[in-house]
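One structure is given below, encoded as structure tokens.
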Amino acid sequence: MFEREIKKEKETRQLPPGQKAIDKVMRWGIDHPAIVDDTPKLDLTEWRLIVDGEVEKFLRLDWKALLELPHVVSVSDFHCVEGWSVLDRRWGGVLFKTLVSMVKPRAGVVSVFFECADGYSTSLSLEDLLGDEVVLAYQLNGEALENSLGGPLRLVIPEKYGYKSAMWLTRIRFMKTKLLGYWEQRGYSDTADVWKNDRFTM
2 MFEREIKKEK ETRQLPPGQK AIDKVMRWGI DHPAIVDDTP KLDLTEWRLI VDGEVEKFLR
62 LDWKALLELP HVVSVSDFHC VEGWSVLDRR WGGVLFKTLV SMVKPRAGVV SVFFECADGY
122 STSLSLEDLL GDEVVLAYQL NGEALENSLG GPLRLVIPEK YGYKSAMWLT RIRFMKTKLL
182 GYWEQRGYSD TADVWKNDRF TM
């Protein structure tokens with residue numbers, strides 16, 4: 002299996018404005034309150050990731066097919082909109098731009114909409130998703146990503162607040178229009194830039 006490590010070198014280590022470092026990523030529904038009564042428990046033998054929308058090639062990946070894609074380890078910081086950050090997490094998985102090269106988005110695609118097994122959703126610009134640290138992660142620090150951290154598969158996009166790093170992924174749609182996700186419809190920033198302290202729209 003092909004594997005490489007990606008780490009964005011920072012000239013000076015600093016936290017984004019309004020953030021405080023803690024020791025570990027909070028587990029959903031355990032260390033951190035969930036927005037649903039229970040977190041989804043997904044059977045890997047039945048799990049599928051659908052990738053569709055405005056693309057030349059639709060994908061329907063099962064777990065085995067996902068693991069056969071080129072594997073990377075992205076070392077990055079994770080920032081929650083609530084003000085906590087965890088430094089130097091090692092996320093193992095597939096670069097999002099690997100998926101982009103497979104599906105070949107059509108001309109005019111501007112955004113990507115993520116749907117999750119618990120009904121959660123979010124969206125990001127296609128441009129933001131092409132960075133070398135943006136990963137579809139199924140491992141954290143060398144271990145399988147546990148359910149309470151979004152396993153089996155989640156998005157990790159370090160330059161955005163954590164609500165953009167969708168957990169329990171089941172579908173990814175490439176779009177020529179923009180849809181707002183769960184929190185964005187409720188007043189959270191759609192751009193969610195951690196370095197601009199871009200948390201809320203109202």
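Residue numbers (the numbering used here): 2 to 203. Quick reminder that beta carbons are idealized off the backbone N, C-alpha and C, glycines included.
Query raised in the report: How many angstroms separate the CA atom of G120 from the CA atom of R172?
Result: In this structure, the alpha-carbon of G120 lies about 11 Å from that of R172.
Query raised in the report: Around the Cβ of E83, are there at least 16 other Cβ atoms within 10 angstroms (buried) or fewer (exposed)?
Result: Using a 10 angstroms sphere on the CB of E83, the tally of other CB atoms stays under 16, which defines it as exposed.
Query raised in the report: Out of curiosity, what's the CA-to-CA distance linking S190 and E116?
Result: Roughly 18 Å separates the two Cα atoms.
Query raised in the report: For the 8 Å Cβ check, are there 3 or more pairs between the segment 184-201 and the segment 54-74?
Result: With the cut-off at 8 Å, the segment 184-201 and the segment 54-74 do not touch.
Query raised in the report: Where does Q186 sit, in a helix, a strand or coil, going by DSSP?
Result: Helix at Q186.
**Report entry** Chain-order list of residues whose beta-carbon lies under 8 Å from that of S86 (same chain, five-residue window excluded)
**Finding:** Once the five neighbours on either side are set aside, the close Cβ partners of S86 are L16, P17, Q20, K21, A22, I23, D78, F79, H80.
Query - With 16 other Cβ atoms within 10 Å as the buried cut-off, status of Q186 - result: Label assigned to Q186: exposed.
Requested in this report: Report the option in A138, G54, P153, F175 whose CA atom is closest to the CA atom of T46.
Outcome: When the alpha-carbon of T46 is set against those of A138, G54, P153, F175, the nearest one is in P153.
**Report entry** 3-residue-minimum beta strand (DSSP E) runs that sit fully inside the segment 122-185, ordered along the chain
**Finding:** Residue ranges of uninterrupted beta strand (DSSP E) with 3 or more members, entirely inside the segment 122-185 and ordered along the chain, are 122-126, 136-141, 155-157, 170-176.
Query raised in the report: For the candidate residues W92, L130, V76, whose alpha-carbon lies nearest to that of S102?
Result: Restricting attention to W92, L130, V76, the CA atom closest to the CA of S102 is found in L130.
Query raised in the report: Where does W196 fall in DSSP's three states?
Result: DSSP places W196 in the helix class (H, G or I) of the three-state scheme.
Query raised in the report: CA-CA distance, K179 and D53?
Result: Those two C-alpha atoms are separated by around 15 Å.
Report task. Return the bridge partner residues of P106 from the DSSP annotation. Result -> Checking the DSSP bridge columns, you'll see P106 partnered with V56.
Requested in this report: Measure the alpha-carbon distance for S149 versus D63 and round it to whole angstroms.
Outcome: Rounded to whole angstroms, S149 to D63 spans 21 Å at the Cα level.
Report task. Assign A66 to one of three DSSP states: helix, strand, or coil. Result -> Collapsing the DSSP output to three states places A66 in a helix.
Query raised in the report: Around the Cβ of G151, are there at least 16 other Cβ atoms within 10 angstroms (buried) or fewer (exposed)?
Result: Around the C-beta of G151, 16 or more other C-beta atoms lie within 10 Å, and the residue is accordingly described as buried.
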